[in-house]
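J.: Quick one: structure below, then a few questions.
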Amino acid sequence: MSDLPIRDDLRGREPYGAPQLDVPVRLNTNENPYPPSPRLVEALGRAVAEVAGGLNRYPDRDAVELRKDLADYLGHGVTAQQVWAANGSNEIIQQILQAFGGPGRTALGFEPSYSMHPIITRVSGTEWIDAYRDEDFGLEAERAVAAIEEHRPDIVFLTSPNNPTGTSLPLEAIEAVLAVAPGMVVVDEAYAEFRRQGTPSALSLLPGNPRLIVTRTMSKAFAMAGTRVGYLAADPAVIDALLLVRLPYHLSAVTQTVARTAIAYQGELLGAVETLRAERDALVGWLRGEGFEVADSDANFVLFGRFADRRAVWQGVLDRGVLIREVGPPEWLRVSVGTPEEMAAFRAALKAAL
Ligand code: PMP
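Per UniProt numbering, residue 1 is the first one in the sequence shown, and the count goes up by one each step.
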């Protein structure tokens, strides 16, 4: 590759790379461990068969029906004109950067946070600015406001619940950011459905905040990571801006119908969320009982530490057939919440590895 006339700013970069290893227990990418039921598998097959006869034609470029379904799912008075969908929320974030970032512009996020925010930012030619969370991985409004006033970024990323820490933000912090941000404010709510009761969504701040974008995904709570559907809610003018950068027909007819079928089965799919929350809280309790430091989690994963040599612990757990994630601050590890059997395997592997 070094011989190629690749862009100067891409030289020396590493591709995103959570290891995809074939091990018995995979708890490293925050997927939902529950596969679709036989009933849903059948419905998905029927839905795909229905569009299959029309695959010689391009799909609905504006994904109108899917956006209606997503708006209904979101509630909060959100309309289809306020929703946009793409191949995963990563593509949503890329489109946001393409429309609102670019050379000469900046995006700011609060570390530790989702590693793709800076990667997508830089690939779009936008400058990334690191700001930092509090010691306990929360984010005090004052600290957030100070960073924004100092750097005046074109785009601010807030992630709530945050990956890899699991911590969520109070609405007041988001409101404080909205009050001072000179440009767009993106609240990445990929893990929204896993929050504990009483933690409100930034969706409730959409009225009156035309520069707020709330991103969501079907990869986590909806258990559809393989489908690749992410979406956002924002003022309709934001969607008009994204239409300028999206590729025509970016969302395949198969993707659209699979996503719509999954939404129609939301009762079944989201039914597992309560189970995963309970499993998460049990995991946090167990880890604390074992003497680990554990970040408060509103997501389907838990960040725990501290380890002088986290690589050795990660490898020790992997040697016992359980893949977790070496991510976030240097002394911490992240584990996704799986089935009860998977969590038992994780607990045994961790104890044996230490
Ligand atoms: N945002 C956050 C915070 C994430 O953790 C992830 C996935 N790990 C994404 C966005 C992207 O998810 P997807 O592209 O599957 O929607």
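From the three backbone atoms N, C-alpha and C, an ideal C-beta is built for every residue, glycine too.
(1) In chain order, what residues have a CB nearer than 6 Å to some heavy atom of ligand 1?
(2) Please determine, among Arg152, Ser168, Leu276, Gln197, the residue with the shortest C-alpha to C-alpha distance to Leu158.
(3) Among residues of its own chain, excluding the 5 on either side of Pro200, which ones have a beta-carbon nearer than 6 Å to its beta-carbon?
(4) Between which residues of its own chain and Val313 is the CB-CB distance below 8 Å, once the five residues before and five after are set aside?
(5) Can you tell me whether DSSP reads Thr227 as helix, strand or coil?
(6) In this structure, how does DSSP classify Thr167 when only helix, strand and coil are distinguished?
(7) If you run the structure through DSSP and keep just helix, strand and coil, what is residue 371?
(8) Would the segment 208-226 count as touching the segment 87-98 if we require 3 or more Cβ pairs under 8 Å?
(9) Could you pull the start and end residues of the alpha helix (DSSP H) that Tyr73 belongs to?
(10) Can you grab the Cα-Cα spacing for the pair Leu300 / Thr121, in whole Å?
(11) Mind checking Asn28: buried by the 16 CB within 10 Å criterion, or exposed?
(12) On the DSSP bridge assignment, give the partners of Asp188 in chain order.
(13) Give, in chain order, every unbroken run of the beta strand (DSSP E) that is at least 3 residues long and sits entirely within the segment 38-117.
(14) Going along the chain, which residues of its own chain have a beta-carbon closer than 8 Å to the beta-carbon of Leu318, five neighbours each way excluded?
(15) What residue range does the beta strand (DSSP E) around Gly305 cover?
(16) By the three-class DSSP mapping on this structure, what secondary structure does Val327 have?
(17) Are the segment 40-51 and the segment 147-154 touching, with three or more C-beta to C-beta distances below 8 Å?
(18) For Pro59, count neighbouring Cβ atoms within 10 angstroms of its own Cβ and tell me buried if that reaches 16, exposed if not.
(19) Less than 8 Å separating the beta-carbons of Gly88 and Val238?
(20) Please name the residue in Glu127, Phe100, Asn56, Gly267 whose C-alpha comes closest to that of Ala221.
(21) Taking DSSP's pairing of strands, which residues face Leu139 in a bridge?
(22) Could you say if the segment 239-249 and the segment 95-114 meet the contact criterion of at least three C-beta pairs nearer than 8 Å?
(23) Give a yes or no on whether the C-beta atoms belonging to Asp154 and Gly198 are separated by under 8 Å.
(24) Would Val25 and Gly321 qualify as a contact pair, given that the criterion is a beta-carbon distance under 8 Å?
(25) Can you tell which of Ala234, Ala202, Thr79, Gly75 has the C-alpha that lies nearest to the C-alpha of Ser160?
(26) Under a Cβ-count criterion, where at least 16 other Cβ atoms within 10 Å of its own Cβ denotes burial, should Met343 be classed as buried or exposed?
(27) What residue range is occupied by the uninterrupted alpha helix (DSSP H) comprising Leu243?
T.: So, from the data block:
(1) Asn30, Gly88, Ser89, Asn90, Tyr114, Thr159, Asn163, Asp188, Ala190, Thr217, Ser219, Ala225, Gly230
(2) In the sequence shown, residue 158 corresponds to position 158, counting from 1. Leu158 has its Cα closest to that of Ser168, out of Arg152, Ser168, Leu276, Gln197.
(3) Here the question's residue 200 lines up with position 200 in the sequence shown. Only Leu171 meet the Cβ criterion.
(4) Here residue 313 refers to the residue found at position 313 when the sequence shown is read from its first residue. Phe307, Leu333, Leu350, Ala353, Leu354.
(5) Translated into the one-based positions of the sequence shown, residue 227 becomes position 227. Coil.
(6) On the sequence shown, residue 167 is found 167 positions in, with the first residue counted as 1. Thr167 falls in the coil class under three-state DSSP.
(7) As shown, the chain starts at 1 and ends at 354. That puts residue 371 outside it, with no answer to give.
(8) yes
(9) Numbered from 1 along the sequence shown, position 73 holds the residue referred to as residue 73. Residues 64-74.
(10) As a working note, residue 300 is residue 300 in the sequence shown. As a working note, residue 121 is residue 121 in the sequence shown. Strictly speaking, residue 300 in this sequence is Asn, with Leu absent from that position. Computed Cα separation, rounded: 25 Å.
(11) Indexing the sequence shown from 1 puts residue 28 at position 28. With 16 or more other Cβ atoms within 10 Å, it is buried.
(12) Translated into the one-based positions of the sequence shown, residue 188 becomes position 188. For Asp188, which the question treats as bridged, DSSP gives the partners Thr159, Thr215.
(13) 83-86, 106-111
(14) Taking the sequence shown and counting its residues from 1, the one referred to as residue 318 is at position 318. Excluding positions up to five away in sequence, the list reads Leu21, Val23, Ile324.
(15) Here residue 305 corresponds to residue number 305 of the sequence shown, with the count starting at 1. Here the beta strand (DSSP E) through Gly305 covers 301-305.
(16) For this step, residue 327 is matched to residue 327 along the sequence shown. In the structure shown, Val327 sits in coil (DSSP, three-state: anything other than H, G, I, E or B).
(17) no
(18) What you label residue 59 is simply residue 59 of the sequence shown in a count that begins at 1. Answer is buried; the Cβ neighbour count reaches 16.
(19) Sequence index remark: in the sequence shown, residue 88 carries index 88 (1-based). Sequence index remark: in the sequence shown, residue 238 carries index 238 (1-based). Contact: no.
(20) Along the sequence shown, read from residue 1 onward, the residue named residue 221 stands at position 221. Cα-wise, what sits closest to Ala221 is Gly267.
(21) Residue 139 sits at position 139 when you count from the first residue of the sequence shown. DSSP, once it has assigned bridges, lists no residue as partnering Leu139.
(22) yes
(23) In the sequence shown, counting from the first residue as 1, residue 154 sits at position 154. In the sequence shown, counting from the first residue as 1, residue 198 sits at position 198. Not a contact, by the Cβ cut-off of 8 Å.
(24) Taking the sequence shown and counting its residues from 1, one reaches residue 25 at position 25. Taking the sequence shown and counting its residues from 1, one reaches residue 321 at position 321. Yes, they are a contact pair.
(25) For the purposes of this step, residue 160 is taken as residue 160 along the sequence shown, with counting starting at 1. Residue Ala202 is the option with its Cα nearest to Ser160.
(26) In the sequence shown, counting from the first residue as 1, residue 343 sits at position 343. Looking at its Cβ environment, which holds 16 or more other Cβ atoms inside 10 Å, Met343 is buried.
(27) As a first step, residue 243 must be located in the sequence shown, where it is residue number 243. Unbroken alpha helix (DSSP H) run through Leu243: 236-243.
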